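Everything below concerns the one structure shown next.
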Amino acid sequence: MSFHRVRVRTLPEIKSKRMRLVVCAICITHVVVVAGVSATKTPNIDEVAHLTSRLLIWEQGRYDSYMVNPPLPPLLASAPISFFDYNSDWEFHRTQAWGIGARPEWTVAEEFVRLNAEDVRLMFTIARWACIPFSVCGAIGCWCWSREILDERAATVAVSLWCTSPNVCAWASTLCPDVPEAALGVWA
-4 MSFHRVRVRT LPEIKSKRMR LVVCAICITH VVVVAGVSAT KTPNIDEVAH
46 LTSRLLIWEQ GRYDSYMVNP PLPPLLASAP ISFFDYNSDW EFHRTQAWGI
96 GARPEWTVAE EFVRLNAEDV RLMFTIARWA CIPFSVCGAI GCWCWSREIL
146 DERAATVAVS LWCTSPNVCA WASTLCPDVP EAALGVWA
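At position 186 of the sequence shown the residue is numbered 181 (the numbering used here), and the sequence of numbers has no breaks.
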């Protein structure tokens, strides 16, 4: 005769699953809000320069445009755009004699928007959506860190604070490196 072990669920385990569902719901709501803002708002001036300077990296391997910010988040955001059939005038960038401290990304960005006026809104929406996973990684980092230090209730509060922070929501809806840097900072 064999006896089977019956697993009895305890109250903390049920609560833990409930907390995880709450955290998932908070993160999904955050993604929906950020994706909606990304699709409806006009790009800020930094985003235009970020996108064009990172497309220049994909096409020509040149890192001499917009060297004041880390290139990784906008580079990942511009990856899907590199598959678009867009117009670019990189010769303009190459032929200019930029002096020390010159900032060519603004002129190149203006020319890029002018050449792609019909599709530029879609390009920015897709590039922005490529950055949303950074914000979710920040929320998960807050969850793990708070859960390790305190408990799951504190972790849920931490995720709620991250996902409802106006600064996080605003910058997560752009392709600027602010939220990716903050998210990676939480993990570091």
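Using N, Cα and C, we set each Cβ at its ideal position, and we do this for glycine too.
Given the structure is predicted, the values throughout are model-derived calculations rather than measurements.
- Annotated three-state conformation of THR37 is coil, per DSSP.
- The alpha carbon of HIS25 has as its nearest neighbour, out of ILE76, ASP173 and LEU156, the alpha carbon of LEU156.
- A direct Cα-Cα distance of roughly 19 Å separates PRO68 from PHE79.
- A residue is called buried once 16 or more other Cβ atoms fall within 10 Å of its Cβ, and TYR58, having fewer, is exposed.
- With distances taken between CA atoms, THR120 lies nearest to THR169 out of SER48, THR169 and ALA149.
- Membership of GLU100 in the alpha helix (DSSP H) is indicated by the continuous run 100 to 110.
- In the DSSP assignment, ASP173 falls within the alpha helix (DSSP H) that extends over 173 to 182.
- A distance below 8 Å separates the beta carbons of TRP140 and VAL181.
- For THR169, there is no enclosing alpha helix (DSSP H), as DSSP marks it with neither H nor E.
- If you ignore the 5 residues before and after ARG49, its C-beta comes within less than 6 Å of the C-beta of PRO69, LEU70 and SER73, all in its own chain and listed in chain order.
- Separation of the CB atoms of VAL32 and SER130 is rounded to 11 Å, and the pair is thereby denied contact status at 8 Å.
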